[in-house]
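Here is the structure we will look at, set down as structure tokens.
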Amino acid sequence: MAPVRGLEPGKRAALVVNELQNAIANPAHVDTPLAAQVTARGIVARINVLAAAFRAAGGPVIYCTIAARTPDWDGYLVNCALAARIKRTGKLVLGTAGGALHDDLVVGPSDVVSNRSHGMAPFTGTTLDATLRGYGIDTVVLTGVSTNIALPGAATEAVALGYSVVLVEDCTAGATPETHRMQITEHLPLLATITTAESVIASLRPAPQWA
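Heads up, the final residue of the sequence shown is numbered 228 in the working numbering, and it's a clean run with no missing numbers.
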């Protein structure tokens with residue numbers, strides 16, 4: 018099998034797990050169509066397997082989260098309808114169960130958590146770019162949620178910063194199967210290589226990317 022584009026021998030890749038948090042993606046904490054899709058698609062277990070493969074290959078695993086710094090939402094900018102909805106629900110706060118990573122995620126001791134306190138995508142207003150450059154990363158491998166807004170935003174930001182992008186379709190979810198399918202087939206292929214966890218893992222094995 019040929020390596021996934023962006024994961025060829027010599028390329029350095031990082032796994033980014035986006036917004037897979039209890040108050041966004043875990044039906045035990047929140048009753049939303051997106052959380053239901055995360056469970057229906059079984060993406061958490063698949064991401065755990067993929068993350069283990071990255072760690073075994075010596076590649077960084079980075080969890081990108083959104084959570085207000087304080088319970089009074091100090092410094093959280095409300096400049097769009099989605100930001101207003103997030104603040105209104107009040108569940109995405111650092112140090113709370115809702116703001117925490119999904120209960121079923123397996124987080125390794127070497128993994129990195131990159132939090133932002135406002136905004137709709139993981140690069141702006143965070144140290145994510147500096148972290149990736151510190152690891153000498155060429156390719157960002159995107160997983161998590163959602164294919165509606167945050168993952169297209171992440172792919173756009175990553176491309177603008179000079180990274181290649183791989184999006185692992187069976188490790189992502191959108192609010193509905195229909196919107197997910199549209200983004201995966203129409204929009205995201207313009208920015209990223211769309212592939213599967215199995216193909217990414219197969220591409221990691223032959224190449225000592227982080228030697």
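In this text, a Cβ means the ideal position worked out from N, Cα and C, and glycines have one as well.
Presumed contact (8 Å Cβ cut-off) between residue i and residue j, rounded CB distance
{"i": "residue 102", "j": "residue 190", "result": "About 18 Å; that fails the 8 Å criterion."}
{"i": "residue 183", "j": "residue 34", "result": "Residue 183 to residue 34, Cβ: 13 Å. No contact."}
{"i": "residue 156", "j": "residue 23", "result": "4 Å"}
{"i": "residue 158", "j": "residue 217", "result": "6 Å"}
{"i": "residue 37", "j": "residue 119", "result": "5 Å"}
{"i": "residue 127", "j": "residue 93", "result": "About 30 Å separates the two Cβ atoms, so there is no contact after all."}
{"i": "residue 100", "j": "residue 39", "result": "Actually they are not in contact, since the Cβ atoms of residue 100 and residue 39 sit about 19 Å apart, beyond 8 Å."}
{"i": "residue 221", "j": "residue 74", "result": "5 Å"}
Spatial distance of residue i from residue j (CA atoms)
{"i": "residue 2", "j": "residue 78", "result": "Within the shown structure, residues of the chain are numbered from 18 to 228, placing residue 2 beyond reach of any answer."}
{"i": "residue 25", "j": "residue 54", "result": "31 Å"}
{"i": "residue 211", "j": "residue 205", "result": "8 Å"}
{"i": "residue 202", "j": "residue 193", "result": "14 Å"}
{"i": "residue 41", "j": "residue 110", "result": "12 Å"}
{"i": "residue 151", "j": "residue 31", "result": "11 Å"}
{"i": "residue 241", "j": "residue 131", "result": "The chain is shown only over 18 to 228; residue 241 falls outside these bounds and no answer can be derived."}
{"i": "residue 91", "j": "residue 213", "result": "39 Å"}
{"i": "residue 207", "j": "residue 125", "result": "32 Å"}
{"i": "residue 43", "j": "residue 107", "result": "16 Å"}
{"i": "residue 174", "j": "residue 45", "result": "31 Å"}
{"i": "residue 65", "j": "residue 198", "result": "23 Å"}
{"i": "residue 154", "j": "residue 29", "result": "5 Å"}
{"i": "residue 149", "j": "residue 165", "result": "24 Å"}
{"i": "residue 136", "j": "residue 122", "result": "23 Å"}
{"i": "residue 200", "j": "residue 188", "result": "14 Å"}
Burial state of residue i, where buried means 16 or more other Cβ atoms lie within 10 Å
{"i": "residue 96", "result": "exposed"}
{"i": "residue 195", "result": "exposed"}
{"i": "residue 146", "result": "buried"}
{"i": "residue 179", "result": "exposed"}
{"i": "residue 160", "result": "buried"}
{"i": "residue 87", "result": "exposed"}
{"i": "residue 98", "result": "exposed"}
{"i": "residue 112", "result": "exposed"}
{"i": "residue 85", "result": "buried"}
{"i": "residue 209", "result": "buried"}
Task: Ordered list of beta strand (DSSP E) runs contained in the region 81 to 166, each at least 3 residues - done: 129 to 133 and 156 to 162
Open item on the list: Report the start-end ranges of each alpha helix (DSSP H) in the region 167 to 222 that is 4 residues or longer and not cut off at the edges.
Closed with: 167 to 177, 194 to 199 and 214 to 221
TODO: Could you tell me whether the region 161 to 178 touches the region 127 to 147, using the rule of 3 or more Cβ pairs below 8 Å?
DONE: yes
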